[in-house]
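Asker: The structure under discussion is supplied below as structure tokens; questions concerning it will follow.
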Amino acid sequence: MEDDEPLESKVVTRIVEYSQKRVEGHNFDARKQILQYDDVMREQRDIIYKQRMDVLESDNLEEVVSGMMQSVLERTVAQFTPESEVPEDWDIDGLIAELNNSVLYRGDVTVNDLYGKEPEEIVELLEGKVKANYKAKEAEIGEEKMREFEKVIMLRAVDRKWMNHIDQMEQLRQGIHLRAYAQNDPLREYRQEGYNMFEIMVSDIEEEVTRYVMKARIRNNMQREQVAEQQQATHGEQKQEQKKKTTD
Numbered sequence: 000m001e002d003d004e005p006l007e008s009k010v011v012t013r014i015v016e017y018s019q020k021r022v023e024g025h026n027f028d029a030r031k032q033i034l035q036y037d038d039v040m041r042e043q044r045d046i047i048y049k050q051r052m053d054v055l056e057s058d059n060l061e062e063v064v065s066g067m068m069q070s071v072l073e074r075t076v077a078q079f080t081p082e083s084e085v086p087e088d089w090d091i092d093g094l095i096a097e098l099n100n101s102v103l104y105r106g107d108v109t110v111n112d113l114y115g116k117e118p119e120e121i122v123e124l125l126e127g128k129v130k131a132n133y134k135a136k137e138a139e140i141g142e143e144k145m146r147e148f149e150k151v152i153m154l155r156a157v158d159r160k161w162m163n164h165i166d167q168m169e170q171l172r173q174g175i176h177l178r179a180y181a182q183n184d185p186l187r188e189y190r191q192e193g194y195n196m197f198e199i200m201v202s203d204i205e206e207e208v209t210r211y212v213m214k215a216r217i218r219n220n221m222q223r224e225q226v227a228e229q230q231q232a233t234h235g236e237q238k239q240e241q242k243k244k245t246t247d
């Protein structure tokens with residue numbers, strides 16, 4: 000019996016060492032996966048922060064706003080003139096109603112103006128109408144105030160939509176592990192859905208900026224408050240990071 004004790008001791012030691020290595024390996028994989036999830040948000044944050052800094056440092060956002068307006072028009076027209084339908088089935092009344100709520104004024108365009116035109120022609124016509132209204136507003140309030148107004152609107156839209164996006168990404172992350180039960184890679188699913196959500200956020204920013212620039216009235220006491228905006232964006236993300244660390 001005594002002769003067997005050293006052998007049993009070695010076996011037990013090896014089992015313990017093997018178990019420890021498995022636990023350490025599991026912990027390493029878990030930490031690595033957490034970092035990979037964090038990388039997704041870090042990439043998106045870097046993009047948003049760079050764009051936000053570009054807005055802060057720019058003296059003229061007219062070209063950026065114009066590009067946003069064009070994107071909104073193209074998406075809106077595509078929504079109401081789908082390729083899967085014949086032109087007779089297009090919802091032109093719905094298109095005009097949507098445009099009147101966002102970028103045009105009632106009476107700017109009629110059904111007769113758009114009837115029989117291809118989507119590209121509709122977009123071109125609408126761009127002319129929107130540009131005319133934009134220039135009229137700029138002439139009314141002055142170029143300097145218009146540039147400041149655009150900056151305020153863009154910063155607030157970016158901050159608000161980014162904060163909402165952080166919340167949505169955290170909700171996605173909390174439940175993404177369930178995808179593994181369907182034989183799907185949770186990290187890959189998180190990356191793909193996170194990218195799609197980011198694209199939606201960008202579209203939402205464009206639509207909000209376009210709508211406010213074209214429809215909102217400008218107060219005489221308008222201020223940029225860029226320091227407060229920066230603190231709001233940073234504080235909001237720090238809260239999310241702290242919340243995530245607490246729940247992990």
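Residues in the sequence shown are numbered from 0 upward in steps of one, following numbering that gives the first Met the number 0.
A virtual CB, placed ideally from N, CA and C, is assigned to each residue, including glycine.
Taking 8 Å as the threshold, find out whether the region 32-50 comes into contact with the region 93-112 through three or more Cβ pairs.
Answerer: Flag = no, the region 32-50 and the region 93-112 do not touch.
Asker: Quick check on the burial criterion: 16 or more other C-beta atoms within 10 angstroms. Buried or exposed for H176?
Answerer: Exposed is the call here.
Asker: Taking only three categories from DSSP, how would you classify P81?
Answerer: The answer is coil: DSSP assigns P81 none of H, G, I, E or B.
Asker: Tell me which residues share the same chain as V64 and place their Cβ nearer than 7 Å to its Cβ, disregarding the 5 neighbours each side in the sequence.
Answerer: Closer than 7 Å at Cβ, skipping near neighbours: E149, V208 and V212.
Asker: What residue does the alpha helix (DSSP H) around A131 start on, and which one ends it?
Answerer: Where A131 is concerned, the enclosing alpha helix (DSSP H) stretches over P118 to I140.
Asker: In the DSSP assignment, the alpha helix (DSSP H) including P86 goes from what residue to what residue?
Answerer: Unbroken run through P86: none, as it is neither H nor E.
Asker: Using the beta-carbon count (16 or more within 10 Å), is D88 buried or exposed?
Answerer: Exposed: under 16 other Cβ atoms inside 10 Å.
Asker: Can you confirm whether the region 134-145 touches the region 184-197 when touching is taken to mean that 3 or more C-beta pairs between the two stretches lie within less than 8 Å?
Answerer: Touching, no.
Asker: Can you say whether V22 is buried or exposed, counting buried as having 16 or more other CB atoms within 10 angstroms of its CB?
Answerer: Below a pLDDT of 50, predicted positions are generally treated as unreliable, and V22, at 45, falls in that range; no measurement from the model is reported.
Asker: Are V110 and E73 close, meaning C-beta to C-beta below 7 Å?
Answerer: No, they are not a contact pair.
Asker: Out of curiosity, what's the CA-to-CA distance linking E117 and R172?
Answerer: Between E117 and R172, the C-alpha separation is close to 42 Å.
Asker: Only counting the same chain, and skipping five residues up and downstream in sequence, which positions put a Cβ closer than 6 Å to that of M153?
Answerer: V54 and V208, listed in sequence order.
Asker: Could you spell out the range, first to last residue, of the alpha helix (DSSP H) harbouring D58?
Answerer: Element bounds for D58: n/a, residue is neither H nor E.
Asker: Quick one: what does DSSP say N111 is sitting in, helix, strand or coil?
Answerer: In this structure, N111 counts as helix in the three-state DSSP scheme.
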